[in-house]
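What follows is a single structure, written as structure tokens, with notes after it.
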Amino acid sequence: MTTVVSGLNAAKKAAIYAEVKRDIEAVLDGEPNLTARMATVSCLLAQAFDYYFWTGFYVVDEVKKAQGLNELVIGPYQGTLGCLRIAYTRGVCGAAAMQRQTIIVDDVHAFPGHIACDSRSNSEIVVPVFDASGELIAVFDVDSEAYASFDDTDKAGLEAIMASVFAGLKFLAL
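Quick note on numbering: UniProt numbering labels position 14 of the sequence shown as 14, and the sequence is numbered without any gaps.
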């Protein structure tokens, strides 16, 4: 596994994402369990990029959803203690879930409604995760201690990994 030092050019970073994607696919080949998939993705991506401070999933809470509430609950992650629950109306994770699109924030302290799970986080990217039927099952959240750590190369790499690992499968529950 390669560890990436921040400040890479886009081509090198894209090549590393492609390598990590292949590694993840190889490890998860034949593994149907959603928790195992999320834990593996979080682990391998956290190890691959040194500017990743917190890496993990917030999963759609199906019980709350059945009650008409939109809320995410912490899933597998690497890093410091994460917030346990996030409403769709709060923070970058909630916004990405609500909008069903990737959000990159260069300065989380300037983001309206930002939730400070760890004050050392200064920038963030959140990628929605969909199952085979196009249902939102989670968001993948990456924080960095540096400002403006994420760009379109991170977006493309992470979206490709999430689609590869989760979009082809139908999951019933964690």
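Note that the Cβ used here is the ideal one computed from N, Cα and C, for glycine as well.
Within its own chain, the residues whose Cβ lies closer than 7 Å to the Cβ of R90, once the five positions on either side in sequence are excluded, are G113, I115, listed in chain order. Taking C-alpha positions only, Q99 is separated from A26 by approximately 31 Å.
The alpha-carbon separation between D131 and L8 amounts to approximately 31 Å. In the three-state reduction of the DSSP assignment, Q78 falls in the strand class. Counting C-beta atoms within 10 angstroms of its own C-beta, A138 has 16 or more neighbours from the protein chains shown and is therefore classed as buried.
According to DSSP, residue pairing for S123 in a beta bridge involves S144. Annotation for T35: the continuous alpha helix (DSSP H) segment containing it runs 34 to 48.
Residue environment analysis places S119 among the exposed positions, since fewer than 16 neighbouring C-beta atoms fall within 10 angstroms of its C-beta. Taking the CA atoms as reference points, A18 sits about 19 Å from T102. The alpha-carbon of S121 is positioned some 23 Å away from that of I161. Residue I104 holds the alpha-carbon nearest to the alpha-carbon of T153 among L136, Y147, I104, S144.
Bridge partners of L136 according to DSSP: F130. When the Cα atoms are used, S144 and V127 turn out to be separated by approximately 15 Å.
Taking each of C43, K21, A97 in turn and checking the Cα distance to L69, the smallest one comes out for A97.
Under the DSSP assignment, G157 falls outside any beta strand (DSSP E), being part of the alpha helix (DSSP H) whose first and last residues are 152 to 162.
Following the DSSP letters along the chain, one finds A87 inside the beta strand (DSSP E) bounded by residues 85 to 87. Spanning the alpha carbons of A11 and A156 requires a straight line of approximately 12 Å.
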